[in-house]
Structure formats: C-alpha cells, structure tokens
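Trainee: Take a look at this one; I'll ask things after.
2 protein chains.
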Amino acid sequence: MNFLEERIVRDGVVKEGNVLKVDSFLNHQMDIGLLNEMGAEFKRRFAGKPINKILTIEASGIGIACIAAQHFNVPVVFAKKSQSINLDGEMYVAEVESFTHKCINHVIVAKKFLTPEDHVLIIDDFLANGCALQGLIQIVQSAGATVEGIGIAIEKGFQSGGRIIRNLGFQLESLAIVDGMDAATGHIEFRPQKDSRQNGKKDKTADSVLKPEECVCRSSTLD
Amino acid sequence: MNFLEERIVRDGVVKEGNVLKVDSFLNHQMDIGLLNEMGAEFKRRFAGKPINKILTIEASGIGIACIAAQHFNVPVVFAKKSQSINLDGEMYVAEVESFTHKCINHVIVAKKFLTPEDHVLIIDDFLANGCALQGLIQIVQSAGATVEGIGIAIEKGFQSGGRIIRNLGFQLESLAIVDGMDAATGHIEFRPQKDSRQNGKKDKTADSVLKPEECVCRSSTLD
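As they're listed, the protein sequences go chains F and D.
For the first sequence, my numbering assigns the number 32 to the initial residue and increments by one for each residue that follows.
For the second sequence, my numbering assigns the number 32 to the initial residue and increments by one for each residue that follows.
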C-alpha cells in the first residue's frame, strides 16, 4: 500500500451505498502534509510533461491543486460550478448532466485563463462517474489547450469514469483506486499499483466509448 | 504599498458598483507564489499565537488557507456553504442572512473538527459586510473553541464588516484594505499600514455593535 492507501485504511470510513468518507484528512479537514506528499507523487508521475497550469474544480479539489502546484511551479485555475456575478467576461461553460445524481451542473472557466498555449494538468479529489472531470476536459479542449494529464486522489474503480477516461487516451493517475468496499466489515479493496505507470495505461479489455454512460456533457461558450 | 497592494494595483480591475476583480491572481486563477507570501505574512502577524487549526470557507478561501497552513504546520478545515450529502453526523450550522445579497446561506462545519481545545485562525479572501465571517466566528464559539485571529487578503474598508469585527475585539489582519475605488480612473485607495499591528487594533472612533448591520446570523447545531 502507498501512503494514501495507508491513510485511507487508517482514517477513512466506509458507509452503506459505496460511500467512502475521507473528511478527516482530505475533503473537509485537510492534512496539509498529506497533500504535500500527494503533490510530490503527482510531480513524479507527470515528470517530463510540459505542464504550465493546473486546473481543478471547486471546492475540495482546490487545496490539493494548490499544494501540488508548488511542485510544478505553476498557477492554479479552479472551475466554478455555477455562474457567479463576479465571473463576467467570456467564459467556457460545460453543462454536465448526471443521471446518477439527477442534476445538471455548469462547470465554468473564464476564457482568459485557458489559451491554446496552455498545457494543463487536471487535479481533483475524487473520480467516480467522471462527470465533472469530463466537463473540465471539454473546457480545456474548447480552449484549444492540451490536457497533459489527470491526477486524482481517490478513484472509485468500480464506477466507470476512470476506465472510460483512460480509454480516451488520457494519462490518468489515481493515487488510490478503490475496487471494492464493505460497509459491514470496513474492508477496502485497492487495485494493485506495483508499477504506477500501469495506472495510466489504457485498459485494453474495456470497451472504448466516447462518453461516460452515466453523464452527458455539452460545452458552450458565453460571450 | 506592500506586495499584495502592489499586485492589486498591477492586476486588479475596478468595476462599477465597487467591484474589485482579482480573478487573475487570487480567486479564479491563483498565483501560488503570491499565496505563499501571504501565508508568510499571516504567520508574522499572528506570531506567538497558539494556533492549531485554520478555518476557512469554500471556495476561494481554501487555496489561501492551505498555503498559509504550511507556515503554521496545522490542518485546514473548510466550512461548506450548503448541506452536502457527505456531511452526515453532527454539524455546527450558522444561518447567515445577507440583506445586501438578499439571500440566506448556511455555513456548516462537522462538529468533530472543532473542539474546545482548538485555537483557530480564520482565513478568507475577501471581507466586505462580514456576513460569512460572522458565521465562521459563531461556529468556532459554538464549539467552545478560541478564535485566535482572522486573516483576510482584501478588506473593503468602506463596508462595515472589518470595523465591527475589530470592535468586537478580534485581531483582524487584512493584508490590503481598500478604502475607495474609482471605476472611471481605475484608482484604488488603500488604507495606510505603516505599522501592521495598527490594522488589528480596535477602531476607537467607531461604534461598537454586536452584529454587522447588513447581515443577521443565527447559529444552531444539527444532530
């Protein structure tokens, strides 16, 4: 087990309905030393990539992204989830409809902060269905920028987001991939990561599809 | 001018209606080097305080708080603005009604992350009416914890939040206090900070009142 998996086993709590609570160290209270270890590991996994910007989404991705940014020496842009009055000017907007949560979210980034010259590392805390992540990818692509990689703290490997995004050809690095959880015993099954690069390879056994089947994403721009 | 005031003059944009846009370096795109300077300055201004936790509120406070936390070597807790399905268990809830924005926001922190043993530094990006900040203070006090200080990036000195919170006796340190803005010329008037401690002193000329007059805050706990 790596440092994050060990921490999940120690302080994570498995709840009914495949809910993994990590709010004591990751997404409500944040252990900054742990975030720093995660940042160093992202830097190792994306070594050699010409990353000049980190993109994340509010709220719990922001802390991870900011600490990681110190290892890359780049600025962070965080996407907003709904239109704010202070977000005037031209914006990239991805409308993400989640069938699981039965809601539509808008993912918004001001145009001036993503250009065709940008080489972007996307960072977020959780990956499950991948709906929010899909919105971020579409926004980067709408800007003509390059997605150099995607760094996730915890991936729910039993949901489809990670498989589909890898099959689309992205280097997706999840520091911990949970393949199963048992709320009765508290047991958490992690996907082996003997070679961390394996994590980022395409899954040849899975079907490649264009979109996660559990969400629909439409992108647009607002002027 | 200090480093933040200089950056505001260089990259901030004054808009009609006393809006100061700092989204290119503070609350949409974030300059991590600048955040680090801010963290060091907060550490200097709150030197000697027994701070063991930083509390902020989603979303744009999180980056500033996480980088500052490295200077204090403490964890960060961020308050959520509305109840999330992953926030079960006992919670402190402050209901903040803003007359200016004509809305009610809930500020929520899980009880397990604030105890009477905690000595809390509250950090946020902006202070204007102080409604959100008032909610955070009430939550810390509901937990029996101690507010050791409040660190703000930019205070709108022409609104009442800062004056009232200082008059309540809190050490409030705003790295830049904007006393006036002119959208036509782009001019920004900063309050002089020759002695940074002056910033944190009570304003003897102002009336001391119990609550910011532009917002009402009711706190409660959910079990």
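The beta-carbon is built from N, C-alpha and C at its ideal position, and this holds for glycine as well.
Mind checking the segment 89 to 106 of chain D against chain F and listing, in chain order, the residues whose C-beta falls within less than 7 Å of any C-beta there?
Mentor: Residues passing the 7 Å Cβ filter: E89, A90, I93, G94, C97, I98, A100, Q101 and P106.
Trainee: Is it true that the CB of F/I185 sits closer than 9 Å to the CB of F/L86?
Mentor: Walking along the first sequence from the start, residue 86 of chain F turns up at place 55. Walking along the first sequence from the start, residue 185 of chain F turns up at place 154. No.
Trainee: Spell out a yes or no on whether the segment 176 to 191 of chain D and the segment 202 to 215 of chain D are touching, meaning 3 or more CB-CB pairs, one atom from each, closer than 8 Å.
Mentor: The segment 176 to 191 of chain D vs the segment 202 to 215 of chain D: in contact.
Trainee: Are any of the Cβ atoms in chain F nearer than 9 Å to that of D/I63?
Mentor: Looking up residue 63 of chain D in the second sequence gives position 32. So yes, D/I63 belongs to the interface.
Trainee: Compile a chain-ordered list of the residues in the segment 43 to 70 of chain D whose CB is closer than 9 Å to at least one CB of chain F.
Mentor: So the list reads K46, V50, K52, D54, S55, F56, N58, H59, Q60, M61, D62, I63, G64, L66 and N67, given in the order they occur along the chain.
Trainee: With respect to the alpha helix (DSSP H) encompassing F/L65, which residues constitute its N-terminal and C-terminal limits?
Mentor: Taking the first sequence and counting its residues from 1, the one referred to as residue 65 of chain F is at position 34. Element bounds for F/L65: I63 to R76.
Trainee: Check each candidate in D/N33, D/R41, D/F34 and D/V138 and name the one with the smallest Cα separation from D/H218.
Mentor: Numbered from 1 along the second sequence, position 187 holds the residue referred to as residue 218 of chain D. The shortest Cα separation from D/H218 among D/N33, D/R41, D/F34 and D/V138 belongs to D/R41.
Trainee: Return helix, strand or coil for F/H102, following the three-state DSSP convention.
Mentor: Within the first sequence, numbered from 1, the residue matching residue 102 of chain F stands at position 71. In this structure, F/H102 counts as helix in the three-state DSSP scheme.
Trainee: Taking the alpha carbon of F/V159 as the reference point, which residue from F/T177, F/S191 and F/K142 has its own alpha carbon closest?
Mentor: Within the first sequence, the letter at position 128 stands for residue 159 of chain F. Looking at the sequence shown, residue 159 of chain F is not Val but Ala. Nearest C-alpha to F/A159: F/S191.
Trainee: Closer than 7 Å, Cβ to any Cβ of chain D: which residues of the segment 144 to 168 of chain F, in chain order?
Mentor: So the close ones are F144.
Trainee: Strictly below 8 Å CB to CB, what residues from chain F border D/V108?
Mentor: Taking the first residue of the second sequence as 1, we reach residue 108 of chain D at position 77. Neighbours of D/V108 on chain F, chain order: H59, Q60 and M61.
Trainee: Kindly list, in the order they appear in chain F, the residues whose Cβ is closer than 7 Å to that of D/A141.
Mentor: As a first step, residue 141 of chain D must be located in the second sequence, where it is residue number 110. Within chain F, the residues near D/A141 are D54 and H59.
Trainee: Determine whether the Cβ of D/K111 lies closer than 9 Å to any Cβ atom of chain F.
Mentor: Residue numbering aside, residue 111 of chain D sits at position 80 when the second sequence is read from its first letter. Yes - at least one Cβ of chain F is within 9 Å of the one on D/K111.
Trainee: Kindly identify the DSSP beta-bridge partner or partners of D/I219.
Mentor: Within the second sequence, residue 219 of chain D is the residue found at index 188, counting from 1. Note: D/I219 sits in a beta bridge opposite D/M212.
Trainee: Buried or exposed: where does D/D210 fall if 16 or more other Cβ atoms within 10 Å of its Cβ makes it buried?
Mentor: Within the second sequence, residue 210 of chain D is the residue found at index 179, counting from 1. D/D210 should be labelled exposed.
Trainee: Compute the distance between the beta-carbons of F/V105 and F/I82, then report whether it is under 9 Å.
Mentor: As a position in the first sequence, residue 105 of chain F is number 74, starting the count at 1. As a position in the first sequence, residue 82 of chain F is number 51, starting the count at 1. Going by C-beta atoms, F/V105 is nearer than 9 Å to F/I82.
Trainee: Go through its chain and collect everything with a Cβ distance to F/E68's Cβ below 8 Å, but skip five positions before and after it.
Mentor: Counting from 1 along the first sequence, the entry for residue 68 of chain F is found at position 37. Here the set comprises F34 and L35.
Trainee: Hey, F/F144 and D/H59: beta-carbon distance below 9 Å or not?
Mentor: For the purposes of this step, residue 144 of chain F is identified with residue 113 of the first sequence, where counting begins at 1. For the purposes of this step, residue 59 of chain D is identified with residue 28 of the second sequence, where counting begins at 1. Yes, the Cβ-Cβ distance between F/F144 and D/H59 is below 9 Å.
Trainee: My understanding is that F/G161 touches D/V107, with C-beta atoms under 8 Å, so please give their C-beta distance in whole angstroms.
Mentor: As a position in the first sequence, residue 161 of chain F is number 130, starting the count at 1. As a position in the second sequence, residue 107 of chain D is number 76, starting the count at 1. So it is not a contact: roughly 27 Å between Cβ atoms.
Trainee: Spatial neighbours of D/V140 within its chain, please: C-beta separation below 7 Å, excluding the five flanking residues on both sides.
Mentor: Position 109 of the second sequence, counting from 1, holds the residue named residue 140 of chain D. So the qualifying residues of the chain are V108, A110, M122, Y123 and I170.
Trainee: Quick one, which of F/Q165, F/A90 and F/M212 has its alpha-carbon nearest F/L199's?
Mentor: Here the question's residue 199 of chain F lines up with position 168 in the first sequence. Nearest option by C-alpha distance: F/Q165.
Trainee: Cutting at 8 Å between CB atoms, please list the residues of its own chain near F/H102, excluding the five before and the five after it.
Mentor: Position 71 of the first sequence, counted from the start, is the residue given in the question as residue 102 of chain F. Result list for F/H102: G70, A71, F73 and K74, in chain order.
Trainee: What number of angstroms, rounded off, separates the C-alpha of D/V4 from the C-alpha of D/G43?
Mentor: Here chain D has residues from 32 to 254 only, and residue 4 of chain D is not among them.
Trainee: By Cβ distance, which residues of its chain are closer than 6 Å to F/I98, with the 5 residues on each side in sequence left out?
Mentor: In the first sequence, residue 98 of chain F corresponds to position 67, counting from 1. Here the set comprises L66, N67 and G70.
Trainee: Report buried or exposed for D/M32, applying the criterion of at least 16 other Cβ atoms within 10 angstroms of its Cβ.
Mentor: Here residue 32 of chain D refers to the residue found at position 1 when the second sequence is read from its first residue. So D/M32 ends up on the exposed side.
Trainee: Is D/G166 helix, strand or coil by DSSP?
Mentor: As a first step, residue 166 of chain D must be located in the second sequence, where it is residue number 135. Helix at D/G166.
Trainee: To the nearest angstrom, report how far apart D/R38 and D/V50 are at their CA atoms.
Mentor: Position 7 of the second sequence, counted from the start, is the residue given in the question as residue 38 of chain D. Position 19 of the second sequence, counted from the start, is the residue given in the question as residue 50 of chain D. For D/R38 and D/V50, the distance between alpha carbons rounds to 16 Å.
Trainee: Pop quiz: F/D149 and F/K84 are said to be a contact at Cβ under 8 Å. What is the actual Cβ separation, rounded to whole angstroms?
Mentor: One-based indexing of the first sequence puts residue 149 of chain F at position 118. One-based indexing of the first sequence puts residue 84 of chain F at position 53. The Cβ separation is near 5 Å, so the contact holds.
Trainee: Would you call F/I135 buried or exposed, if buried means 16 or more other Cβ atoms sit within 10 Å of its Cβ?
Mentor: Numbered from 1 along the first sequence, position 104 holds the residue referred to as residue 135 of chain F. It is exposed - the Cβ of F/I135 has fewer than 16 other Cβ atoms within 10 Å.
Trainee: Given this structure, state the Cα-to-Cα distance separating D/E128 from D/C246, to the nearest angstrom.
Mentor: Walking along the second sequence from the start, residue 128 of chain D turns up at place 97. Walking along the second sequence from the start, residue 246 of chain D turns up at place 215. Answer to the nearest angstrom: the Cα atoms are 5 Å apart.
Trainee: Assuming contact is defined by CB atoms lying nearer than 9 Å, are F/G180 and F/F201 in contact in what I supplied?
Mentor: Residue 180 of chain F sits at position 149 when you count from the first residue of the first sequence. Residue 201 of chain F sits at position 170 when you count from the first residue of the first sequence. Against a cut-off of 9 Å, the Cβ pair of F/F201 and F/G180 comes out as a contact.
Trainee: With which residues is F/T177 paired in a DSSP beta bridge?
Mentor: Your numbering for residue 177 of chain F matches position 146 in the first sequence. F/H150.
Trainee: Among residues of its own chain, excluding the 5 on either side of D/M61, which ones have a beta-carbon nearer than 7 Å to its beta-carbon?
Mentor: Translated into positions along the second sequence, residue 61 of chain D becomes position 30. Within the same chain, D/M61 has close Cβ partners G94.
Trainee: Going by other Cβ atoms of all chains shown within 10 Å of its Cβ, with 16 needed for buried, is D/A215 buried or exposed?
Mentor: Walking along the second sequence from the start, residue 215 of chain D turns up at place 184. D/A215 should be labelled exposed.
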